[in-house]
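First comes the structure, then the notes that go with it.
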Amino acid sequence: MDDAMVSAVTCGAVMAFDRNIWIEKFLENSVPSFPCPHCSRGVLGFDGKSFWKEEPKHSKDAHAHDDWDPTWIEERFVMFLRCGVAKCGEVVAVSGNIEVEEVVDEDEGYDFASVLYPTSLVPAPPIIQMTDGTPDEVAGELSLAFQLFWADLGASATKIRTSVERLMDHFKVARYSRTKGKLKPIPLYNRIEAFIKANGKVVHQDHLHALRVVGNLGTHKNSLTRSDILEAFQVYEHALDELIGKKSASIAKLARKLKKK
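Number 32 in full-length UniProt numbering belongs to position 32 of the sequence shown; there are no gaps in the numbering.
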């Protein structure tokens, strides 16, 4: 990971959130408590009924092999999750693959379990909470990043980077320069530097460059891990709180008020 990313994470910029929700796999009876993508207040739940799975022919045919064991099984699944807030009632469709894995059972010793690997959640639950006032263009790109997180980490990272471009647009940072009469796109690195010089702080510089680096890695390399993307979302949540919500400024104002009592 790039130094900018490490700096942003280790300097205390990361907001605490439950990373265990955003796991790669889970069992049918232990679906994570995803936040509702519609009302943002409710939690998605599984009723234990809205679940379908099917084993494709090539997997069924493999059962006849002499060396076959349950871990060879491949299945596809679809399930529905529903928001627990009655007035909302959002429904999220989850689909993906099922693999049979060997697990440790406290009573039986080793056993086999069907493990769900989701590749699509529609509409996608928000991995971070965007502060009030987040520009629609930024929120739109982040929503796509949430959706792509389940299918393509690199593409998700690229959308994070694109949302930073839209954030610079929101702050009126020049997007193009004119050279010899021709418009030329200004690199995101330069746009961030221009923004920091005009409006920001050094800590914002770390945040924004970390997101830029992650986006670049998503576009040009296949080296990002699930943990990298989650850390990037955490950094972004804090950056939006600072730049849009101005949380630190509001807390400082309250502190000054209390000091006068």
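C-beta atoms are modelled at their ideal positions from N, C-alpha and C, and glycine is treated no differently.
The three-state reading of DSSP puts Ala86 in coil, since its state is none of H, G, I, E or B. The beta-carbon distance between Phe112 and Ile229, rounded to whole angstroms, is 30 Å. This is too long to meet the 8 Å contact definition. Counting only residues of its own chain and dropping the five nearest sequence neighbours on each side, Arg178 has a CB closer than 8 Å to the CB of Lys184.
The secondary-structure analysis by DSSP pairs Ala113 across a beta bridge with Glu101. Per DSSP, reduced to three states, the secondary structure at Gly96 is strand.
Taking every protein chain shown into account, the CB of Val94 has 16 or more other CB atoms within 10 angstroms, so this residue is buried. Where Thr219 is concerned, the enclosing alpha helix (DSSP H) starts and stops at 202 to 220. Distance from the CA atom of Leu81 to the CA atom of His220, rounded to whole angstroms, is 35 Å. At a Cβ-Cβ threshold of 7 Å, Leu211 and Ile160 count as neighbours. With a 10 Å radius around the Cβ and a threshold of 16 neighbouring Cβ atoms, Thr134 comes out buried. For Pro56, the secondary structure class from DSSP, reduced to helix, strand or coil, is coil. Around the CB of Arg41, fewer than 16 other CB atoms lie within 10 Å, so the residue is classed as exposed.
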